[in-house]
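Chains as they are written, first to last, in my numbering: chain A, 240 to 350; chain B, 14 to 127. Using N, Cα and C, we set each Cβ at its ideal position, and we do this for glycine too. The structure presented is a predicted model; accordingly, all values stated were derived computationally and were not measured.
Listed below in structure tokens is the structure:
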């Protein structure tokens, strides 16, 4: 069983500050790493799909990097806004096409 | 374009009963995956359907079964419900299941087993 670990479990950030959190995994034998944002009472929303070592993706104030050799991905949020409050999930996609999720980082932005 | 829809939103059952959850995929998608999210955990893969057949399965007992219809919609059936089956059940759809394909999730069905 592969453990996808996310840290921290929860995070409180002042509005306007930047923040980042981590997804770590023991193996590079996967097809892709997915990041999702999940707001309360809504559907998980896909943010990024990353496949290659050194991949960097950006969507507005949110960006992500992938380091398959050292087994981690970072998600960065620049200038946090209240609407960024959500749980951020990472998941690895293996050749059998199933996603293996971490337990998520719960982000709360303090106005 | 409607995204992934699931029904019902909430459901309360008692131990030993059977339940059926439904999912309609995003328009144009042909693959449906089901996940269980227990409290404090990340979503756990149950199984995936493609071309009306179960293509992959996670570590769930045979009490969990599914079906995919010709219109790509899907059902998740759970028999002989246990208290531990209480969870949020998520459905996700994609097209073809390629490695860079994003899975689009529905809002989930909250199942409570009493």
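Grab me the residues of residue i's own chain with a C-beta within less than 6 Å of its C-beta, minus the 5 sequence neighbours each way, in chain order.
i, result
"residue 317 of chain A", "257, 300"
"residue 27 of chain B", "127"
"residue 295 of chain A", "304"
With DSSP collapsed to three states, give me the class of residue i.
i, result
"residue 79 of chain B", "strand"
"residue 96 of chain B", "helix"
"residue 322 of chain A", "helix"
"residue 123 of chain B", "strand"
"residue 72 of chain B", "coil"
"residue 253 of chain A", "strand"
"residue 331 of chain A", "strand"
"residue 66 of chain B", "strand"
"residue 280 of chain A", "coil"
"residue 23 of chain B", "strand"
"residue 313 of chain A", "strand"
"residue 345 of chain A", "strand"
"residue 286 of chain A", "strand"
"residue 45 of chain B", "strand"
Output the distance between the C-alpha atoms of residue i and residue j, rounded to the nearest integer angstrom.
i, j, result
"residue 53 of chain B", "residue 124 of chain B", "15 Å"
"residue 74 of chain B", "residue 61 of chain B", "15 Å"
"residue 252 of chain A", "residue 297 of chain A", "20 Å"
"residue 86 of chain B", "residue 278 of chain A", "25 Å"
"residue 36 of chain B", "residue 121 of chain B", "9 Å"
"residue 31 of chain B", "residue 92 of chain B", "4 Å"
"residue 44 of chain B", "residue 103 of chain B", "14 Å"
"residue 243 of chain A", "residue 262 of chain A", "7 Å"
"residue 333 of chain A", "residue 241 of chain A", "11 Å"
"residue 336 of chain A", "residue 71 of chain B", "11 Å"
"residue 117 of chain B", "residue 269 of chain A", "20 Å"
If I measure Cβ to Cβ from residue i and keep anything under 7 Å in the same chain, skipping five residues before and after, which residues do I get?
i, result
"residue 288 of chain A", "271, 273"
"residue 255 of chain A", "318, 319"
"residue 79 of chain B", "47, 60, 62, 67, 87, 88, 89, 90"
"residue 21 of chain B", "122"
Leaving aside the five residues before and after residue i along the sequence, list all residues of the same chain whose C-beta is less than 8 Å from its C-beta, in chain order.
i, result
"residue 308 of chain A", "267, 292"
"residue 284 of chain A", "275, 276, 277, 278"
Buried or exposed: which applies to residue i, given that a residue is buried once 16 or more other Cβ atoms fall within 10 Å of its Cβ?
i, result
"residue 23 of chain B", "exposed"
"residue 280 of chain A", "exposed"
"residue 347 of chain A", "exposed"
"residue 76 of chain B", "exposed"
"residue 64 of chain B", "exposed"
"residue 15 of chain B", "exposed"
"residue 321 of chain A", "exposed"
"residue 38 of chain B", "buried"
"residue 282 of chain A", "buried"
Just to confirm, are residue i and residue j a CB contact at a threshold of 8 Å?
i, j, result
"residue 108 of chain B", "residue 41 of chain B", "yes"
"residue 342 of chain A", "residue 97 of chain B", "no"
"residue 34 of chain B", "residue 89 of chain B", "yes"
"residue 344 of chain A", "residue 247 of chain A", "yes"
"residue 302 of chain A", "residue 311 of chain A", "no"
State yes or no: is the beta carbon of residue i nearer than 8 Å to at least one beta carbon in chain D?
i, result
"residue 252 of chain A", "Among the protein chains of the structure shown, namely A and B, there is no chain D."
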